[in-house]
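Participant: Counting in the working numbering, the sequence shown runs from 26 upward without gaps. All residues carry an ideal CB built from backbone N, CA and C; glycine is no exception.
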Amino acid sequence: MSHAWLREEQSELASLKILDAAARAFAELGVSGTRMGQIARYAGCSRGTVYRYFKTRRDLHLAYIDRSARRLSGELSRELAGIGDPRTRLVEGLLGALRKVREDPGLIAWFDPQDAGATARLSRDSDVVEALSAAFVDRLARPGEAVDANGRRARWLVRIIVSLLTIPAENEAEERRLVEEFVVPGLMKASPGAPREAGRR
């Protein structure tokens, strides 16, 4: 183990360095083809050091997904800050998220057909991904709408993103049409369990 790791292992910088190394490994080897020992080699540390910070491969995967989700959410929030219309914000947010994932070699590797199933399961199990998705659609709620409606839409949003990344549209224009015509209307539709407007039956 290098002296750099001896110093760095006392702080959270070590775990961040391991996750950075994992991103490079995912991009070059694929997610399913990357083992903990290979991540250790990319990080320049021992396999034992990797396991000191991440007890299992699944723990490392979840940490990577969580960190990536937080970063993308922060970037999108800044980019969408000037958009007040909820529909436009949702369209541009979805398309922006897809673009950012595709521009990141380590992230897009998760959406290779052979790895997409595992990615969907990890996204479902990630509290961070669900919380960020819920926050993203939270402003779509109508007065009196059932609280868990946004929770369902947040989970649906994650599934839509995974699907579009795994099986992309033919081009950007087609993807925008799909999002505008089919995805957004469904996400903005009121929950079936929401109270009806006064005077309606």
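With 16 as the cutoff for other CB atoms within 10 Å, does aspartate 84 come out buried or exposed?
Facilitator: Exposed, by the Cβ-count rule.
Participant: How would you call aspartate 140, buried or exposed, if buried means at least 16 neighbouring beta carbons within 10 angstroms?
Facilitator: Buried: at least 16 other Cβ atoms inside 10 Å.
Participant: I think glycine 131 touches alanine 48, with their Cβ atoms under 8 Å apart; what is that distance to the nearest whole Å?
Facilitator: Rounded, the Cβ-Cβ distance is 3 Å, consistent with contact.
Participant: Using 8 Å as the threshold, is the stretch 110–120 in touch with the stretch 142–150, meaning 3 or more CB pairs across them?
Facilitator: The answer is no - the stretch 142–150 does not touch the stretch 110–120, with fewer than three Cβ pairs under 8 Å.
Participant: What is the residue span of the alpha helix (DSSP H) that isoleucine 43 lies within?
Facilitator: It spans 38–54 - the alpha helix (DSSP H) in which isoleucine 43 sits, taken as one unbroken run.
Participant: Just to confirm the assignment, what range does the alpha helix (DSSP H) spanning serine 93 have?
Facilitator: Segment 82–105, the alpha helix (DSSP H) holding serine 93.
Participant: Across the stretch 147–154 and the stretch 73–87, are there enough close Cβ pairs to call them in contact, namely three or more that are closer than 8 Å?
Facilitator: Because the criterion of three Cβ pairs below 8 Å is met, the stretch 147–154 and the stretch 73–87 touch.
Participant: Please report how far the alpha carbon of serine 188 lies from the alpha carbon of phenylalanine 161, in whole angstroms.
Facilitator: One C-alpha to the other measures close to 18 Å.
Participant: From the DSSP output, in three-state form, read off glycine 142 for me.
Facilitator: Helix, per DSSP.
Participant: Which value, in whole angstroms, describes the spacing of the CA atoms of lysine 42 and alanine 68?
Facilitator: Approximately 7 Å between the Cα atoms of the pair.
Participant: Could you check what DSSP says for alanine 194 in three-state terms: helix, strand or coil?
Facilitator: Reduced to three states, the DSSP call for alanine 194 is coil.
Participant: Measure the C-alpha to C-alpha separation of alanine 52 and aspartate 129 and round it to an integer number of angstroms.
Facilitator: Between alanine 52 and aspartate 129, the C-alpha separation is close to 9 Å.
Participant: With distances taken between CB atoms, is the gap from leucine 157 to lysine 125 smaller than 7 Å?
Facilitator: Taking 7 Å as the Cβ cut-off, leucine 157 and lysine 125 do not qualify as a contacting pair.
Participant: From tyrosine 78 to glutamine 63, what distance separates their C-alpha atoms?
Facilitator: Each residue's Cα considered, the two are about 15 Å apart.
Participant: To the nearest angstrom, how far is it from the Cα of leucine 44 to the Cα of threonine 191?
Facilitator: Taking the straight line from one Cα to the other gives about 23 Å.
Participant: For valine 154 and isoleucine 185, what's the separation of their Cα atoms in angstroms?
Facilitator: Going by the C-alpha atoms only, they are around 13 Å apart.
Participant: On a Cα-Cα basis, can you pick out the residue from Pro138, Ser151, Val204 that is closest to valine 56?
Facilitator: Measuring from the Cα of valine 56, the nearest candidate turns out to be Pro138.
Participant: Would you tell me roughly how many angstroms separate the C-alpha atoms of leucine 38 and arginine 202, rounded to the nearest one?
Facilitator: The alpha-carbon atoms of leucine 38 and arginine 202 are separated by roughly 42 Å.
Participant: Is it true that the CB of valine 183 sits closer than 7 Å to the CB of asparagine 115?
Facilitator: Correcting the residue type first, residue 115 is leucine in the shown sequence and not asparagine. No; because the gap between Cβ atoms is not below 7 Å, this pair is not in contact.
Participant: Which residues mark the beginning and the end of the alpha helix (DSSP H) in which alanine 65 is found?
Facilitator: Start and end: 61–68.
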